[in-house]
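Undergrad:
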Amino acid sequence: MNEKLVFKRSALIFLIGFVTFSIVGFIMKSISYPLGFLLGYLFNLAIFYVIIITSDMILNLKKSTSLIILLNIVKLAIYAIGFLIAIFIPKWFNLIGVLFGYMVIKITIYIVSYQMKEVKE
Numbered sequence: 023m024n025e026k027l028v029f030k031r032s033a034l035i036f037l038i039g040f041v042t043f044s045i046v047g048f049i050m051k052s053i054s055y056p057l058g059f060l061l062g063y064l065f066n067l068a069i070f071y072v073i074i075i076t077s078d079m080i081l082n083l084k085k086s087t088s089l090i091i092l093l094n095i096v097k098l099a100i101y102a103i104g105f106l107i108a109i110f111i112p113k114w115f116n117l118i119g120v121l122f123g124y125m126v127i128k129i130t131i132y133i134v135s136y137q138m139k140e141v142k143e
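Read the sequence shown against the numbering used here and you will find it ends at 143, with the numbers running on by one and no gaps.
#1: Straight-line CA distance for isoleucine 156 to glycine 123?
#2: Can you look up asparagine 138 in the DSSP assignment and give me helix, strand or coil?
#3: If I measure Cβ to Cβ from valine 126 and keep anything under 7 Å in the same chain, skipping five residues before and after, which residues do I get?
#4: Using the rule of at least 16 other Cβ atoms within 10 Å of the residue's Cβ for burial, across every protein chain shown, is serine 77 buried or exposed?
#5: Curious, which full-length alpha helix (DSSP H) runs of at least 4 residues does the region 71-127 contain?
#6: Would serine 88 be called buried (16 or more neighbouring beta carbons within 10 Å of its own) or exposed?
#7: Put lysine 51 into one of helix, strand or coil per three-state DSSP.
#8: Classify valine 120: buried if its beta carbon has 16 or more other beta carbons within 10 angstroms, exposed otherwise.
#9: Within the 8 Å Cβ cut-off, does serine 52 reach chain B?
#10: Between the region 46-57 and the region 105-118, are three or more C-beta pairs nearer than 8 Å?
#11: Report, in whole angstroms, the separation of the C-beta atoms of lysine 97 and isoleucine 69, which I expect to be a contact under 8 Å.
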């Protein structure tokens, strides 16, 4: 599976989720739902990029173990920053929206893997 394909397909999943959270935000009369989803998705893209870099380092055996551990800590820090922004600014960013925004890349990977499996069979 190619990471460019995952980035490309995640945009469609993001649009579906963003429209859904926009409808929820409209019903609840709060813009925090779609903005929280957008924040979670943007942070999720950054996390996925860190995962790509970490995987490349592991596969090529270029860097030391301490740098790989540091990148995993950076990944966790990015998750924490997104949640902290949602916790401290709930007027603009909904925590549930951020949580679902974090799941976009994961859902995309499952969908792309399933589609590739169907093509092979």
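For every residue, glycine included, the Cβ atom is placed at its ideal position computed from N, Cα and C.
TA: The answer reads as follows:
#1: No statement about residue 156 is possible, as the shown extent of the chain runs from 23 to 143 and does not include it.
#2: Here residue 138 refers to the residue found at position 116 of the sequence shown. Position check: residue 138 holds methionine in this sequence, whereas asparagine was assumed. If DSSP states are grouped into helix, strand and coil, methionine 138 belongs with the helices.
#3: Here the question's residue 126 lines up with position 104 in the sequence shown. Excluding sequence neighbours, valine 126 sits near Ser32, Ile35, Phe36, Gly39, Tyr63, Asn66.
#4: As a position in the sequence shown, residue 77 is number 55, starting the count at 1. By the neighbour-count rule (16 or more Cβ atoms within 10 Å), serine 77 is not buried but exposed.
#5: 87-110, 117-124
#6: On the sequence shown, position 66 is the one that residue 88 refers to. So serine 88 counts as exposed.
#7: Looking up residue 51 in the sequence shown gives position 29. DSSP places lysine 51 in coil when its eight states are reduced to three.
#8: The sequence position of residue 120 within the sequence shown is 98, counting from 1. Flag for valine 120 reads buried.
#9: Protein chain content of the structure displayed is limited to a single chain, and chain B is not contained in it.
#10: The answer is yes - the region 105-118 touches the region 46-57, with three or more Cβ pairs under 8 Å.
#11: Working through the sequence shown from its first residue, we reach residue 97 at position 75. Working through the sequence shown from its first residue, we reach residue 69 at position 47. Right, their Cβ atoms sit about 5 Å apart.
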